[in-house]
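When we follow my numbering, the leftmost residue of the sequence shown carries the number 604, and every step to the right adds one.
Where a beta carbon is used, it is the ideal one built from N, C-alpha and C, also for glycine.
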Amino acid sequence: MATFSLVDLIESLPDQGATWGPPVATETMLNGVPYAPFSKGDKLGRMADWTADSKDGRDGRGGRQQYNRNFRDQQVYGAGTTTLFAAPAAEDESSFSVVSNVRDSGKTRFGRGAVFTRGRGQRGGRGDSRGGRQQFQRSGRGGQQYGGYSDRGGRGGQGARGGRRFGWKDYDKPTRNRDASVNVKADWKLLEEIDFNRLGKLNLETDEGEDVDSYGFLHAYDRSYDKPAVKSNERKLTALDRAAYNVTTSSDPVIQELAEKDEATIFATDNILSMLMCSTRSVYSWDIVIVRQGNKIFLDKRDNAALDMVTVNENAADAPLEASEGSKDSINQPAALAEEATYINHNFATQVVLENHKVEMHHENPFYNAAEETAPPASKAYKYRRFDLSTSEEEPTYIIVRTELDAVQKNAISGDDQYVTVHALNEFDSKAQGSGGALDWRTKLVSQRGAVVATEMKNNSCKLARWTVQSILAKADVMKLGFVSRVSPKTNDKHVILGVVGWKPKDFAAQMNLSLSNGWGIVRTIADMCLKREEDGKFVLVKDPNKSILRLYEVPAGSFDDDADEMPEPVEEEAEEE
């Protein structure tokens, strides 16, 4: 029998370095088939799972996983792969829900994270109240969530984890596709396309302007409208037969005379100029016709243009819907509301003046012809004012604006005459779609006037900004805002005056964060774009109906001539029973 020494046995062993035992396998292939490492303690539930989370750093909910949170134990043999092949649960609990027949209490819960509802209580979820502030719900489209703060620190609160909370079928809401105010023809040439972000950065400081001439007359404002209306004796809005005019710039005989004297480079009316200066606040489409003659620019409008109409809740988060967008309430559609608001503004301005007191301007009304008109002229003063838009002394640039004043009142202390502009906000239905979460004026206007005005500033930012700019351009001392509501939300032909509030225009502009220097910068920029063209021409500035963009087109010389040849008819309202 052969004998082996211990040395021979050691030398016959394979050389494994410092290890002992069989070699460690690092392969993940078994006969060409990949497999996941596992330990004997793992429970195999399925052969493969193609829906498993990958290692791209995101979990199935779309959130980013924390580093080394789920994969920190991957180096342990078989760890982390147990869940891939885990056996399914005995019962799938994801579809399990508890059915309760207990009716929710109708009491309102107050305190931190409380939920307040208005209306008929739509089915819409409470939303996540962990954001630290209560959720507001209105019953317009059922369960839409408003207000609150998200847990990310920003305003929102419309859902869990700070994201937007979609209400009932809110995800299925169609995108607003509004129509343009004017049809863009094929022969129009696009010159410039300016987004609102660029317009918002423009700035041009100018003076307060100087009076060039004044026309027309003013009646005294009736201060009794400043007193809160008594519910049992509400004042009805009545239609008075008075002639008011809305003449475009190039058809104004006074502006034509001033242009011949080279008094300025740019000519406009306050209605047109205010739209251009407040263009960054606009949502609906509008257009301005710009005519260049030599070195002069005339800012015009078309007859029956969108500029002449007073919009309603244009800036509301849930603006009134068109019929094509599913609105079934015809009197609460944007076009009907704008016509109603325009009618209210015209009649309100003529109703709140006392015709037994009159203040005459230097000249008579340039548009009124007593031989042709049957109705007396409305209380209106036209002030032609000049502003300096020069950027250098070498090239002086001036603009003449036809501004309008509606009434005059005596200063309570000094007794001096104060010029007044009069406008009216109108309420159609605080519970209807498109109301923008407005409060009920009849119950809240006196007790919560600040909240009512703040809501109107939000829902009608563009309209109020235009009125404020017009008052500042006219150098009015007071801007009166009337609050007019329907007698019944179901009818739009009978209205009552709930109250009138007065502000100094510059103070109101500060509350709205309205910058006139930005508006003057926009006017000068658009004018320079037209003046840099080599020859005279006609241009159209159009607000895109669905985007925050202004487009400047060059149009053929004969465009809109049919509209320009006809003098605008005076706006007369037939007296009717309210």
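A direct Cα-Cα distance of roughly 29 Å separates residue 959 from residue 855. Beta-bridge annotation (DSSP): residue 964 is not paired with any residue. Put simply, the stretch 1043-1055 does not touch the stretch 984-1003. Fewer than three CB pairs are less than 8 Å apart. Taking a cut-off of 8 Å for Cβ pairs, the stretch 1076-1086 and the stretch 1015-1026 touch, as three or more such pairs fall below it. Taking a C-beta distance under 8 Å as the contact criterion, residue 917 and residue 887 qualify as a contact pair. Note that the C-beta distance between residue 852 and residue 867 is not below 8 Å. Counting every other CB atom within 10 Å of its CB across the protein chains shown gives residue 1038 a total of 16 or more, marking it as buried.
Residue pairing of residue 872 in beta bridges, as defined by DSSP: 1005. Per DSSP, residue 1082 is not a residue of any alpha helix (DSSP H); the beta strand (DSSP E) it occupies stretches across 1081-1089.
Excluding the 5 residues flanking it on each side, residue 1077 has same chain C-beta neighbours closer than 8 Å at 873, 986, 988, 1006, 1007, 1008, 1022 and 1024, in chain order. Spanning the alpha carbons of residue 879 and residue 798 requires a straight line of approximately 13 Å. The beta carbon of residue 1102 sits closer than 7 Å to those of 831, 832, 1048 and 1086, all from its chain and outside the five residues before and after it, given in chain order. Relative to the Cα of residue 944, the nearest Cα in the group 954, 970, 914 and 1114 belongs to 914. Residue 965 is classed as exposed because its beta carbon has fewer than 16 other beta carbons within 10 Å across all chains shown. Residue 610 is classed as exposed because its beta carbon has fewer than 16 other beta carbons within 10 Å across all chains shown.
When only Cα atoms are considered, residue 889 and residue 1093 end up about 29 Å apart. Within the DSSP bridge table, the entry for residue 819 names 984 as partners.
When secondary structure is reduced to three states using DSSP, residue 841 falls in the coil class, being assigned neither helix nor strand. Annotated three-state conformation of residue 954 is helix, per DSSP. One Cα belongs to residue 1104, the other to residue 824, and the distance between them is close to 13 Å. Under the three-state reduction of DSSP, residue 1121 is assigned to helix. Residue pairing from DSSP places residue 1106 in a beta bridge opposite 1082.
Shown here, residue 860 sits in a helix according to DSSP, grouped into three states. Residue 794: member of the beta strand (DSSP E) spanning 792-798, first to last residue. With fewer than 16 other Cβ atoms inside 10 Å of its own Cβ, residue 1018 counts as exposed.
About 4 Å separates the CB atoms of residue 877 and residue 1069; that is less than 8 Å, so the two are in contact. Ranked by Cα distance from residue 842, the first of 949, 1123 and 979 is 949.
Collapsing the DSSP output to three states places residue 848 in coil.
The beta-carbon distance between residue 961 and residue 822, rounded to whole angstroms, is 6 Å. This is short enough to meet the 8 Å contact definition. Beta-bridge annotation (DSSP): residue 1154 is paired with 796 and 1145.
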